[in-house]
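For the sequence shown, our numbering assigns the number 394 to the initial residue and increments by one for each residue that follows.
Beta carbons are placed, not taken as given, at the ideal position from N, Cα and C, and that holds for glycine.
Everything on this sheet refers to the single structure shown next.
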Amino acid sequence: MLALALLAPACTGGVEGKPGAPGVRDPYFPKLGNGGYDVTHYDLTLDVDPDEQTLRGTAEITARATQDLSSFNLDLDGLTVDSATVEGRPAAVNRAGSELTLRTDPKAEDRLREGETFHTVIRYSGSPKTITDPDKSEEGWLPTDDGSLALGEPTGSMAWFPGNNHPSDKATYDMRVTVPKGLTAVSNGVQAGPPTTQGGRTTYRWHTAEPMASYLAVLAVGRFETKTSTMAGGITVFTAVDPESAEASARTVARVPEVVTWEAEHFGPYPFSATGAIVERKGDAGYALETQNRPFFPGPPSVGLLVHEMSHQWFGDSVTPASWRDMWLNEGPATYAEWLWEEEKEDTPAQESFDEAYADDDNWAFPPADPPSAANISDPPVYGRGAMVIHKIREAVDDDKKFFALLAGWTKAHRHGNATTAEFTAYVEKATGRDLTELWKKWLYGRDRPAADG
Ligand code: TRP
Ligand code: ZN
Numbered sequence: 394m395l396a397l398a399l400l401a402p403a404c405t406g407g408v409e410g411k412p413g414a415p416g417v418r419d420p421y422f423p424k425l426g427n428g429g430y431d432v433t434h435y436d437l438t439l440d441v442d443p444d445e446q447t448l449r450g451t452a453e454i455t456a457r458a459t460q461d462l463s464s465f466n467l468d469l470d471g472l473t474v475d476s477a478t479v480e481g482r483p484a485a486v487n488r489a490g491s492e493l494t495l496r497t498d499p500k501a502e503d504r505l506r507e508g509e510t511f512h513t514v515i516r517y518s519g520s521p522k523t524i525t526d527p528d529k530s531e532e533g534w535l536p537t538d539d540g541s542l543a544l545g546e547p548t549g550s551m552a553w554f555p556g557n558n559h560p561s562d563k564a565t566y567d568m569r570v571t572v573p574k575g576l577t578a579v580s581n582g583v584q585a586g587p588p589t590t591q592g593g594r595t596t597y598r599w600h601t602a603e604p605m606a607s608y609l610a611v612l613a614v615g616r617f618e619t620k621t622s623t624m625a626g627g628i629t630v631f632t633a634v635d636p637e638s639a640e641a642s643a644r645t646v647a648r649v650p651e652v653v654t655w656e657a658e659h660f661g662p663y664p665f666s667a668t669g670a671i672v673e674r675k676g677d678a679g680y681a682l683e684t685q686n687r688p689f690f691p692g693p694p695s696v697g698l699l700v701h702e703m704s705h706q707w708f709g710d711s712v713t714p715a716s717w718r719d720m721w722l723n724e725g726p727a728t729y730a731e732w733l734w735e736e737e738k739e740d741t742p743a744q745e746s747f748d749e750a751y752a753d754d755d756n757w758a759f760p761p762a763d764p765p766s767a768a769n770i771s772d773p774p775v776y777g778r779g780a781m782v783i784h785k786i787r788e789a790v791d792d793d794k795k796f797f798a799l800l801a802g803w804t805k806a807h808r809h810g811n812a813t814t815a816e817f818t819a820y821v822e823k824a825t826g827r828d829l830t831e832l833w834k835k836w837l838y839g840r841d842r843p844a845a846d847g
């Protein structure tokens with residue numbers, strides 16, 4: 394204490410900031426994210442040329458320093474940085490892999506003290522790249538037949554904007570996207586105004602009011618049939634469907650409000666001010682993704698897939714995993730949402746779905762809360778065994794009213810935040826007033842298949 398007190402006056406002349414860490418030590422993606430600051434808002438202005446598959450962007454990032462900084466990193470994979478400023482002063486840029494280091498003008502350093510809010514502006518351009526995940530799926534920037542598609546689970550958002558690319562740092566977003574007239578740019582949130590056309594190009598404005606993890610940001614450019622309506626609770630419903638998928642999608646896409654309402658009855662109030670869906674042409678992408686507000690589908694979805702992706706709005710989007718190890722907190726409940734839908738709407742008891750998943754050897758490759766590597770974070774155990782854990786909790790509670798209250802309590806406790814597996818198990822034990830050590834040991838962490846009724 395004494396030493397600190399003695400040092401303090403000497404420091405007022407100019408605290409030496411330290412570099413922010415280049416990663417947040419995610420167990421599967423150690424370089425994702427960055428230390429030393431917390432982003433509160435991304436303001437992205439993007440100009441997309443679908444013929445050339447190029448992008449010109451300005452990212453204005455508002456962040457709060459969580460330490461005194463001399464430099465800090467952003468994640469950006471590919472593209473060219475044309476200029477960078479921090480607090481309006483030019484910043485020196487260094488790039489190594491997907492790490493972008495910004496060293497600020499020493500005169501700006503007092504704006505980067507712990508607790509201060511600062512603004513970074515990056516101008517960038519180039520041909521955004523497609524990123525291949527450790528599990529070989531493709532994300533980042535995906536050219537399509539009539540435009541492009543930007544998807545980001547787990548790492549892809551850094552292919553189209555610089556940022557703190559880790560689920561633990563959620564922020565609000567504004568996106569202003571300019572595309573050739575005749576094409577539509579669809580993203581998250583609500584439209585901040587009608588599109589405006591000038592010189593043969595149309596600008597769309599999207600506003601995401603609730604915090605969002607970077608992996609849930611989406612940008613779909615192309616020909617889309619769009620519909621806007623308002624459902625109960627004043628929630629905006631915006632759907633965008635590729636004309637080629639329109640007919641085959643119409644019935645399921647029309648059920649978005651019904652699915653949102655049904656899920657809200659089981660999981661707690663819908664966490665966002667907007668919902669909807671984006672449906673691409675079959676063949677333009679390989680998988681569906683729970684992009685915030687507006688899940689993405691690679692072609693006409695089944696109602697089961699809609700139920701799955703929409704349930705992620707609670708499990709994943711509003712309550713976001715603290716690290717990629719906690720992925721089962723997304724996929725377990727989302728798979729269980731499908732089982733519940735089948736139980737209530739299609740006369741297949743969840744127990745039957747459980748039995749089927751239990752019998753499937755693929756679900757037993759590893760424990761859901763401990764995938765062996767980054768290539769396995771979306772493997773069957775994360776989904777199937779994850780859902781089995783939820784079913785076992787339902788059995789332990791042995792009262793559906795209490796079980797659904799428990800799920801709603803979880804989404805309420807971490808609404809718009811992050812959560813770990815340890816927080817989940819502690820929450821369930823507190824909510825049930827029971828020691829569930831055995832349940833976690835067998836179903837969540839155990840390597841071997843326990844007895845089905847164990
Ligand atoms: N989360 C998506 C879902 O459940 C699946 C998915 C899409 C995914 N892309 C991924 C999972 C990349 C892990 C990695 O619908
Ligand atoms: Zn899922």
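Check: Cα separation between residue 596 and residue 770?
Finding: Rounded to whole angstroms, residue 596 to residue 770 spans 37 Å at the Cα level.
Check: In or out: residue 487 buried (at least 16 other Cβ within 10 Å) or exposed?
Finding: exposed
Check: Which two residues bound the contiguous alpha helix (DSSP H) that contains residue 721?
Finding: 721-738
Notebook entry, point to check: Looking at C-alpha atoms only, which residue of 835, 534 and 525 is the closest neighbour of residue 519?
Noted result: 534
Next item on the list: Kindly indicate the opening and closing residues of the beta strand (DSSP E) around residue 534.
Entry: Per DSSP, the unbroken beta strand (DSSP E) holding residue 534 starts and ends at 531-537.
Item checked: Inter-residue spacing [alpha-carbon to alpha-carbon] between residue 618 and residue 500 -> 51 Å
Item checked: Status (buried if at least 16 other CB within 10 Å, exposed otherwise) for residue 778 -> The residue is buried, with at least 16 neighbouring Cβ atoms inside 10 Å.
Note to self: Would residue 541 and residue 420 qualify as a contact pair, given that the criterion is a beta-carbon distance under 7 Å?
What the structure shows: no
Next item on the list: Please write down, chain order preserved, every residue whose beta carbon lies under 5 Å from a heavy atom of the ligand ZN.
Entry: Matched residues: 724 and 727.
Next item on the list: Rounded to whole angstroms, what's the CA-CA distance from residue 689 to residue 821? Just pull it up for me.
Entry: 31 Å
Next item on the list: Below 7 Å CB to CB, which residues in the same chain sit around residue 835 once its five sequence neighbours on both sides are set aside?
Entry: 843 and 847
Check: Just checking, does the segment 701-712 make contact with the segment 663-683 on the three C-beta pairs under 8 Å criterion?
Finding: yes
Next item on the list: Indicate whether the contact test is met: 3 or more Cβ pairs, each with one atom in the segment 778-789 and one in the segment 714-728, closer than 8 Å.
Entry: yes
Check: Is any heavy atom of the ligand TRP found at a distance shorter than 6 Å from the C-beta of residue 681?
Finding: yes
Item checked: Range of the contiguous beta strand (DSSP E) that encloses residue 370 -> Since the displayed the chain opens at 394 and closes at 847, residue 370 lies outside it and no answer follows.
Margin query: Within a Cβ cutoff of 7 Å, which residues of the same chain sit near residue 530, ignoring the five residues on either side of it in sequence?
Written below: 679 and 680
Next item on the list: Measure how close the beta-carbons of residue 611 and residue 564 come, nearest whole angstrom, since I'm counting them as under 8 Å.
Entry: The pair is not a contact, with the Cβ atoms about 15 Å apart (cut-off 8 Å).
Notebook entry, point to check: the ligand TRP heavy atoms versus the CB of residue 464: any closer than 6 Å?
Noted result: no
Note to self: Taking 7 Å as the limit between beta carbons, can you name the residues of its chain near residue 429, skipping five residues before and five after?
What the structure shows: 413, 414, 458, 459, 460, 462 and 465
Next item on the list: Return the CA-CA distance between residue 494 and residue 484, expressed in angstroms with no decimal places.
Entry: 9 Å
Note to self: Strictly by DSSP, which residues pair up with residue 685?
What the structure shows: Looking at the DSSP assignment, residue 685 forms no beta bridge with any residue, so it has no partner.
Check: Span of the beta strand (DSSP E) holding residue 619?
Finding: 618-624
Margin query: Quick check: the Cα distance between residue 583 and residue 650, rounded to an integer number of angstroms?
Written below: 16 Å
Check: Does the beta carbon of residue 771 fall short of 6 Å from some heavy atom of the ligand TRP?
Finding: yes
Next item on the list: Inspect the CB distances between the segment 731-748 and the segment 823-830 and report whether three or more fall short of 8 Å.
Entry: no
Note to self: Please report the straight-line C-alpha distance between residue 848 and residue 453, rounded to a whole angstrom.
What the structure shows: Coverage of the chain is limited to positions 394 through 847, which leaves residue 848 absent and any answer about it impossible.
Check: Of the choices 658, 512, 566 and 638, whose alpha-carbon is the least far from that of residue 605?
Finding: The shortest Cα separation from residue 605 among 658, 512, 566 and 638 belongs to 566.
Notebook entry, point to check: If we ignore side chains and look at the alpha-carbon of each, how far apart do residue 635 and residue 776 end up?
Noted result: 29 Å
Notebook entry, point to check: Taking 6 Å as the cut-off, does the CB of residue 530 come closer than this to any heavy atom belonging to the ligand TRP?
Noted result: yes
Next item on the list: Measuring alpha carbon to alpha carbon, tell me which of 659, 548, 654 and 658 ends up nearest residue 669.
Entry: Closest in alpha carbon position to residue 669, among 659, 548, 654 and 658, is 654.
Item checked: Element boundaries [alpha helix (DSSP H), containing residue 779] -> Boundaries of the alpha helix (DSSP H) harbouring residue 779: 779-790, taken from the DSSP string.
Check: By how many angstroms is the C-alpha of residue 434 removed from the C-alpha of residue 514?
Finding: 12 Å
Notebook entry, point to check: According to the neighbour-count rule (16 or more other Cβ atoms, all chains shown, within 10 Å of its Cβ), is residue 787 buried or exposed?
Noted result: buried
Next item on the list: Quick one: using the 10 Å Cβ neighbour count with 16 as the cut-off for buried, is residue 658 buried or exposed?
Entry: exposed
Check: Is residue 731 near the ligand TRP, with its Cβ less than 6 Å from a heavy atom?
Finding: no
Item checked: Candidates 841, 697, 662 and 615, of which the one nearest residue 646 by Cα -> 697
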